[in-house]
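Below you'll find the structure, written out as structure tokens, and then a few comments.
Residue numbers (the numbering used here): 62 to 468.
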């Protein structure tokens with residue numbers, strides 16, 4: 062009887078939950094499920110009641126607990142182009158059309174960032190004719206779903222601003238799923254850039270900055286000659302950059318260490334196929350280009366005489382100071398060595414002086430166990446020796462042992 066009662070109460074409670082309340086939560090998900098999303102992209106918010114048919118419910122959607130659409134008969138809400146202001150936590154609520162049942166979903170976080178600019182890297186950046194080059198296009202922050210497109214820079218000789226036009230690389234009209242592209246048999250200097258896209262409708266990133274692949278090998282169709290023929294120069298001297306090859310029209314370009322590209326007119330004067338530099342010239346990579354060809358490149362360093370002079374003014378005292386310091390240390394070491402040597406010599410003489418009286422005293426009054434007596438007397442003329450024994454001289458006389466010049 063008790064078990065039957067508890068069973069009936071359980072079924073009754075379950076029916077109440079199913080009919081009136083939150084027996085089962087709804088589920089919210091976002092398509093496409095990419096993170097982060099970017100301004101201009103579009104997404105769909107889908108609310109799943111997880112019971113019955115989707116048409117049995119009305120749906121409401123909120124961001125950060127503020128409703129932005131209610132009483133929708135469709136469980137899908139498609140956004141307009143996203144902005145940074147659309148970032149936040151999203152939730153949906155499903156209300157049954159007949160029964161008083163409400164289902165609240167989980168909360169989903171959505172982050173919207175600005176339109177990204179990919180970063181293009183080239184490896185290697187300096188090549189010999191025939192080398193392969195790898196282009197890599199990176200979208201930051203990383204996210205999924207991209208296809209990558211690759212472009213080559215084509216000089217626009219008709220442009221007074223020395224612009225480039227860009228053409229898709231061969232086989233790149235549909236893009237690549239991989240974020241890298243290999244160029245086989247690179248023979249000359251060339252510039253490249255990339256872009257990525259994803260989604261439906263298609264969302265495009267910005268174009269990357271242009272990156273150049275420099276060729277050190279001479280191309281007969283386009284070559285650069287530097288005069289004077291060296292790579293170290295001063296800004297006060299004129300430098301001639303001479304373009305030669307299969308073209309009637311040339312221009313000389315320079316890329317600085319930041320990748321910023323400027324034509325000859327910004328740091329010299331172009332006369333025919335030769336650019337003569339002036340004091341505005343600076344260090345960088347120089348090359349020639351025509352509408353269809355680009356030359357070998359030269360990495361030229363240009364020094365400012367004033368900077369070189371100031372560097373010398375700083376370096377000379379530094380070198381003199383270092384040399385003086387080393388010499389002083391050497392002299393101190395030599396002085397210490399001589400001082401220690403002198404001190405050791407003085408100590409040795411002092412020890413010999415202190416030991417002499419004691420030694421003489423022991424010799425003069427030593428007596429052996431056999432009854433022999435000996436005394437050693439030092440003089441200017443003779444050395445006396447006394448020998449004790451059975452043949453001892455009468456009255457204890459001492460036999461002199463004389464040197465050849467005395468006694």
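Cβ coordinates follow ideal geometry from the N, Cα and C atoms, glycine included.
Residue i, buried or exposed, once every other Cβ within 10 Å from all chains shown has been counted against 16
i           : result
residue 250 : buried
residue 295 : exposed
residue 293 : exposed
residue 469 : As displayed, the chain neither begins before 62 nor continues past 468, which places residue 469 out of reach and without an answer.
residue 259 : buried
residue 128 : exposed
residue 102 : buried
residue 404 : exposed
residue 257 : buried
residue 396 : exposed
residue 336 : buried
residue 285 : buried
residue 400 : exposed
residue 391 : exposed
residue 107 : buried
residue 402 : exposed
residue 220 : exposed
residue 471 : Only positions 62 to 468 of the chain appear in the structure, and residue 471 is not among them; the question remains open.
residue 463 : Caution applies to residue 463, whose pLDDT of 41 falls short of 50 and renders its modelled position unreliable; the value that the coordinates give is listed next. Result: exposed.
residue 419 : Caution is warranted here: a pLDDT of 46 is assigned to residue 419, below 50, making its placement in the model unreliable, and no coordinate value can be reported.
residue 312 : buried
residue 226 : exposed
Proximity below 8 Å, CB of residue i to CB of residue j
i           : j           : result
residue 213 : residue 253 : yes
residue 118 : residue 206 : no
residue 274 : residue 346 : no
residue 299 : residue 362 : no
residue 343 : residue 317 : yes
residue 277 : residue 357 : yes
residue 326 : residue 303 : no
residue 185 : residue 176 : no
residue 247 : residue 340 : no
residue 86  : residue 167 : yes
residue 98  : residue 196 : no
residue 216 : residue 351 : yes
residue 267 : residue 178 : yes
residue 162 : residue 143 : no
residue 169 : residue 90  : yes
residue 308 : residue 354 : yes
residue 218 : residue 135 : no
residue 210 : residue 236 : yes
residue 153 : residue 204 : no
residue 238 : residue 208 : yes
Reference residue i; option with closest CA among the options
i           : options               : result
residue 137 : 199, 325 and 155      : 155
residue 92  : 98, 99, 86 and 104    : 104
residue 322 : 219, 401 and 348      : 348
residue 202 : 396, 180 and 122      : 180
residue 297 : 395, 311, 353 and 328 : 328
residue 150 : 390, 355 and 124      : 124
residue 133 : 157, 192, 388 and 220 : 157
residue 287 : 111, 301 and 279      : 301
residue 160 : 112, 269, 130 and 230 : 112
residue 223 : 106, 314, 200 and 391 : 314
residue 100 : 148, 305, 122 and 90  : 148
residue 42  : 233, 255, 164 and 306 : Residue 42 is absent from the model: the chain starts at 62 and stops at 468.
residue 261 : 220, 382, 141 and 164 : 141
residue 291 : 115, 360, 272 and 263 : 360
residue 198 : 165, 192 and 240      : 240
One or two residues paired with residue i in a DSSP bridge
i           : result
residue 324 : 314
residue 120 : 133 and 155
residue 360 : 346
residue 272 : 253
residue 306 : 283
residue 238 : In DSSP, residue 238 forms no bridge with anything.
residue 109 : 88
residue 301 : 288 and 337
residue 164 : 155
residue 295 : 364
residue 332 : 335
residue 247 : 192
residue 227 : 214
residue 355 : 350
residue 264 : 259
residue 150 : 170
Enumerated in chain order, which unbroken segments of the beta strand (DSSP E) with a length of 3 residues or greater are wholly contained in the stretch 168-219?
169-171, 180-184, 192-199 and 208-216
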